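Comments concern the structure below.
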Amino acid sequence: MKISINSIRNMNDRYGSATDVAAIGVDALVDKIGAQLGAVEETINIGAKYQGIIIAKVVKCEDHPNADRLHVCTIDDGGVAVNVERDENGHVQVVCGAPNVRAGLIVAWLPPGSTVPESVGNEPFVLEARELRGVVSNGMLASPKELSLGDSHDGILEIDGEFAPGTDFAEAYGLSGDVVLDIENKMFTHRPDCFGFIGVARELAGIQGLPYKSPEWYQPSPEFPAPVADQLPLTIDNQVPELVPRFTAITMRDVQVGPSPVWLQVELAKVGSRSINNIVDFTNYYMLETSQPLHAYDYDKVKALSNGDAANIVVRHPETGETISLLNGKTIEPRAEAIMIASDKALIGVGGVMGGADTEVDANTKNIILEAANFDMYSIRRTAMAHGLFTDAVTRFNKGQSPLQNLAVLAKITGDIQKFAAGQVASQLVDDNHLDDAVLARNSLHAPVAVTADFINARLGLDLPADAMKTLLENVEFKIEADGDQLTVTAPFWRTDIELREDVVEEVGRLYGFDHLPLELPRRTITPTQKDPLLTLKTQIRESLSKAGANEVLTYSFVHGKLLENAGQNPKDAFKVSNALSPELQYYRLSLTPSLLEKIHPNIKAGYDQFAIFEMGKGHNLMHADDDEGLPSEFEMLDVIVTANDKTKPVGAAFYQARTYLEALAADFGLELVFEPLTEEQPYPVAQPYDYTRSAKVSVKGGQPLGMIGEYKANVRRNFKLPKYTAGFGVSLVGLLAASQQAPNAYRPLPRFPKVTQDITLKVPADISYMALQDFVEAELAKLGPDNTSFNISPIGIYQKAEDQDYK
1 MKISINSIRN
11 MNDRYGSATD
21 VAAIGVDALV
31 DKIGAQLGAV
41 EETINIGAKY
51 QGIIIAKVVK
61 CEDHPNADRL
71 HVCTIDDGGV
81 AVNVERDENG
91 HVQVVCGAPN
101 VRAGLIVAWL
111 PPGSTVPESV
121 GNEPFVLEAR
131 ELRGVVSNGM
141 LASPKELSLG
151 DSHDGILEID
161 GEFAPGTDFA
171 EAYGLSGDVV
181 LDIENKMFTH
191 RPDCFGFIGV
201 ARELAGIQGL
211 PYKSPEWYQP
221 SPEFPAPVAD
231 QLPLTIDNQV
241 PELVPRFTAI
251 TMRDVQVGPS
261 PVWLQVELAK
271 VGSRSINNIV
281 DFTNYYMLET
291 SQPLHAYDYD
301 KVKALSNGDA
311 ANIVVRHPET
321 GETISLLNGK
331 TIEPRAEAIM
341 IASDKALIGV
351 GGVMGGADTE
361 VDANTKNIIL
371 EAANFDMYSI
381 RRTAMAHGLF
391 TDAVTRFNKG
401 QSPLQNLAVL
411 AKITGDIQKF
421 AAGQVASQLV
431 DDNHLDDAVL
441 ARNSLHAPVA
451 VTADFINARL
461 GLDLPADAMK
471 TLLENVEFKI
481 EADGDQLTVT
491 APFWRTDIEL
501 REDVVEEVGR
511 LYGFDHLPLE
521 LPRRTITPTQ
531 KDPLLTLKTQ
541 IRESLSKAGA
551 NEVLTYSFVH
561 GKLLENAGQN
571 PKDAFKVSNA
581 LSPELQYYRL
591 SLTPSLLEKI
601 HPNIKAGYDQ
611 FAIFEMGKGH
621 NLMHADDDEG
631 LPSEFEMLDV
641 IVTANDKTKP
651 VGAAFYQART
661 YLEALAADFG
671 LELVFEPLTE
681 EQPYPVAQPY
691 DYTRSAKVSV
701 KGGQPLGMIG
711 EYKANVRRNF
721 KLPKYTAGFG
731 VSLVGLLAAS
741 QQAPNAYRPL
751 PRFPKVTQDI
761 TLKVPADISY
771 MALQDFVEAE
781 LAKLGPDNTS
791 FNISPIGIYQ
801 KAEDQDYK
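End of the sequence shown sits at 808 in this note's numbering; the numbers just go up one at a time, nothing left out.
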């Protein structure tokens with residue numbers, strides 16, 4: 001948000017709103033803004049850009065003797081320029097090629113030695129007296145583009161005020177010594193009124209303890225001029241009142257579209273806005289001054305797209321396949337939920353975002369429709385993001401403007417177009433208003449807030465009396481009813497953020513100055529902080545898996561729907577992000593497995609033939625969503641995948657390698673695991689990538705289930721280009737934490753005797769699983785082994801003769 005210090009001063013003086021808010025000096029004001037409002041990102045000395053420019057009068061204009069399109073002009077500068085050649089009358093000769101130059105014109109003259117404003121900040125172009133086709137030109141007569149006031153380079157700037165030759169251009173238009181402050185937008189996120197000069201001026205007064213009074217015309221129920229006899233009828237049909245609570249409009253006839261007054265061009269240029277024409281410039285100016293976006297339509301173009309004898313405006317959603325050409329030259333097919341402005345036959349604007357090219361105000365426009373409306377901030381934000389349209393109107397509407405200011409701003413711009421563009425009011429005000437009667441009656445969006453001075457002081461650490469708080473709030477135009485310590489606070493009509501007692505606390509604290517709050521260290525206990533058991537568990541897991549040779553990875557929680565499908569999961573079970581950062585990140589992942597599987601092939605391709613990777617993170621599942629909010633449930637998971645390239649010729653099944661990692665991890669936590677074969681495919685997303693004929697459920701012995709372990713389905717291996725020797729497991733961190741907290745101490749003393757290793761081969765029926773065989777052997781060893789004997793069984797291989805399918 002850019003504001004000009006001189007513009008704020010002049011506006012306050014013109015409206016009688018406040019004394020000089022910059023009397024403390026620009027540097028001190030910047031410090032105060034930083035302490036009580038927000039960061040000033042840049043301070044721009046805009047006055048320096050216009051130094052040396054002189055207002056002059058063209059006394060004589062003759063054709064150039066040696067050039068068809070050039071003119072030799074004699075100008076009167078009041079004799080103020082130095083070191084310049086003059087004729088016997090004290091006038092100066094300047095060569096000019098502008099088609100509109102003529103005797104009697106008041107112009108902006110850049111004498112030799114001055115810098116063209118347009119070039120400041122790039123490669124400064126300093127003028128000098130030089131010969132053009134044999135005639136000396138002392139400097140130049142400037143166009144709006146060269147003065148950095150607009151894009152027009154077709155002619156020189158025609159100054160419309162009453163200025164004596166020799167007047168300093170910067171002094172005449174409030175540019176001398178002016179400084180523009182670029183204030184960070186984020187600080188005004190919940191303050192839509194501060195996206196206008198009036199709102200910022202009010203805040204600058206308030207933080208300095210100065211009373212502020214809004215302009216007399218800035219009121220919820222202003223008077224509109226009566227329409228002329230020859231009216232231009234207008235109808236409004238608002239089909240989405242829940243998204244457009246107020247839509248106001250009025251028509252004007254016989255407007256004279258042309259260049260804006262120079263003062264208006266200067267005011268727009270100060271804050272980086274370019275002049276287009278007087279009608280559009282006034283809509284932009286009052287948007288900048290009040291924060292209320294406005295739009296002007298060519299009445300006759302709208303009427304041509306309407307049925308009947310009136311211009312008809314319909315506020316609605318777009319129909320399937322409809323497109324619109326916008327003012328920026330872009331053609332879009334609006335999203336289905338967008339707020340569109342239309343006639344009976346076609347779309348003519350994206351509500352709150354940008355107008356359509358088919359109804360724009362141009363040099364041929366004679367009759368106009370002026371609109372001041374209020375749109376749902378969330379709808380505007382989504383539409384702007386969907387189509388990449390980020391305009392000044394969007395910046396303001398997506399902060400939530402007050403609908404109670406629509407009439408004030410519409411009435412003001414109507415009066416100025418009467419004054420500066422000769423327009424005549426040609427209809428009654430059309431006010432499609434869906435606000436509550438209570439809101440209209442009190443001229444405030446929210447009900448009055450009752451709060452005590454003690455409540456405010458207790459939260460700010462202050463000891464301010466109620467009278468002092470009342471003064472602070474009344475300085476920025478709150479209505480306060482005081483009864484001893486009790487304050488009843490009614491927010492002005494432009495404030496959208498005062499609903500709770502805490503909002504009043506924040507307001508008092510900010511206006512008083514948070515930097516004035518007492519500096520007192522809080523009392524803290526010296527009791528040692530409790531460690532987070534889950535974080536401790538994660539650290540132990542990292543140590544355990546790292547010493548086993550696994551590598552930790554970190555992947556995005558957001559994934560593409562195709563990744564879920566490749567892993568055999570259904571994207572419909574996943575929570576879809578409505579404003580995804582990119583198409584690749586549109587779903588919350590259901591489990592960690594797809595993200596890890598995606599990393600296998602690139603690493604093998606990079607030359608890593610055999611490795612194990614793991615990740616700890618969150619999975620999400622809509623199958624257990626909160627019924628009230630519709631939000632997915634979250635669960636903490638650990639996933640590990642082991643793999644080996646086919647060229648390494650790995651021995652055995654990958655399942656057992658993954659099991660080795662899992663059992664080593666469990667042993668570090670003193671846990672004994674139980675593996676149960678799956679009898680059918682599991683419906684849960686966590687289990688869907690696994691081949692249920694080569695997978696198992698994992699549980700703590702005598703305790704709760706932990707997760708899944710196994711090899712992956714053939715189609716999953718194909719989708720991710722996985723080696724055949726790939727397996728993994730996924731376990732719940734919460735379950736692992738609960739089991740580890742109940743497990744006995746995992747410490748065992750070193751054995752007194754060396755270990756003995758023995759290979760045992762057992763011939764068993766082919767339908768016996770390894771798990772069943774292991775359970776049997778362990779049970780027998782437990783019965784036969786001496787007391788205090790430690791033993792461990794691990795698989796080496798499974799062999800089956802080709803000619804004997806009954807045994808292995």
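Using N, Cα and C, we set each Cβ at its ideal position, and we do this for glycine too.
Remember, it's a predicted structure, so these values are computed and weren't measured experimentally.
Within 10 Å of its beta-carbon, does residue i have 16 or more other beta-carbons around it, so buried, or fewer, so exposed?
i: residue 645; result: buried
i: residue 516; result: exposed
i: residue 589; result: buried
i: residue 384; result: buried
i: residue 807; result: exposed
i: residue 494; result: buried
i: residue 146; result: buried
i: residue 771; result: exposed
i: residue 830; result: For the chain, the structure presents residues 1 to 808; residue 830 sits outside this window and is missing.
i: residue 375; result: buried
i: residue 526; result: exposed
i: residue 800; result: exposed
i: residue 239; result: exposed
i: residue 560; result: buried
i: residue 584; result: exposed
Using three-state DSSP, classify residue i as helix, strand or coil.
i: residue 326; result: strand
i: residue 150; result: strand
i: residue 321; result: coil
i: residue 14; result: helix
i: residue 5; result: helix
i: residue 161; result: coil
i: residue 410; result: helix
i: residue 553; result: coil
i: residue 745; result: coil
i: residue 394; result: helix
i: residue 333; result: coil
i: residue 133; result: coil
i: residue 734; result: helix
i: residue 571; result: helix
i: residue 587; result: strand
i: residue 418; result: helix
i: residue 120; result: coil
Using the Cα positions of residue i and residue j, report the straight-line distance between them to the nearest angstrom.
i: residue 732; j: residue 521; result: 42 Å
i: residue 445; j: residue 496; result: 6 Å
i: residue 389; j: residue 356; result: 13 Å
i: residue 435; j: residue 346; result: 28 Å
i: residue 284; j: residue 293; result: 7 Å
i: residue 204; j: residue 472; result: 13 Å
i: residue 72; j: residue 157; result: 17 Å
i: residue 649; j: residue 613; result: 20 Å
i: residue 395; j: residue 275; result: 19 Å
i: residue 403; j: residue 246; result: 6 Å
i: residue 789; j: residue 652; result: 29 Å
Any chance the CB of residue i is under 6 Å from a heavy atom of the ligand PLP?
i: residue 263; result: The model depicted lacks the ligand PLP and carries no ligand whatsoever.
Checklist entry - Can you give, in chain order, each stretch of the alpha helix (DSSP H) that sits fully within the region 243 to 314 and has at least 4 residues? => result 262 to 270, 278 to 290 and 299 to 304
Next on the checklist: Ignoring anything shorter than 3 residues, give me the beta strand (DSSP E) runs that lie fully in the region 64 to 102, in order along the chain.
Outcome noted: 71 to 76 and 92 to 96
Next on the checklist: Could you tell me which whole alpha helix (DSSP H) segments of length 4 or greater appear in the region 652 to 686?
Outcome noted: 654 to 668
Item to check | Whole beta strand (DSSP E) elements within the region 179 to 215, 3-residue minimum | outcome: 180 to 183
Checklist entry - With a cut-off of 8 Å, do at least 3 Cβ pairs link the region 255 to 271 to the region 450 to 460? => result no
Next on the checklist: In chain order, what are the residue ranges of uninterrupted alpha helix (DSSP H) at least 4 long that sit wholly in the region 430 to 464?
Outcome noted: 437 to 442 and 453 to 460
Checklist entry - Contact between the region 222 to 229 and the region 398 to 418: three or more CB pairs below 8 Å? => result yes
Next on the checklist: Any contact between the region 126 to 137 and the region 17 to 27? By contact I mean 3 or more CB pairs, one from each, below 8 Å.
Outcome noted: no
Checklist entry - Do the region 214 to 223 and the region 321 to 334 make contact, defined as three or more Cβ pairs closer than 8 Å? => result no
Checklist entry - So, do the region 29 to 43 and the region 87 to 99 have three or more beta carbon pairs nearer to each other than 8 Å? => result no
Next on the checklist: Does the structure place the region 61 to 80 close enough to the region 132 to 146 that three or more beta carbon pairs sit under 8 Å?
Outcome noted: yes
Checklist entry - Counting pairs of Cβ atoms below 8 Å between the region 528 to 547 and the region 558 to 578, do you hit three or more? => result no
Checklist entry - Would the region 668 to 684 and the region 634 to 645 be scored as touching if the rule is three or more Cβ pairs under 8 Å? => result no
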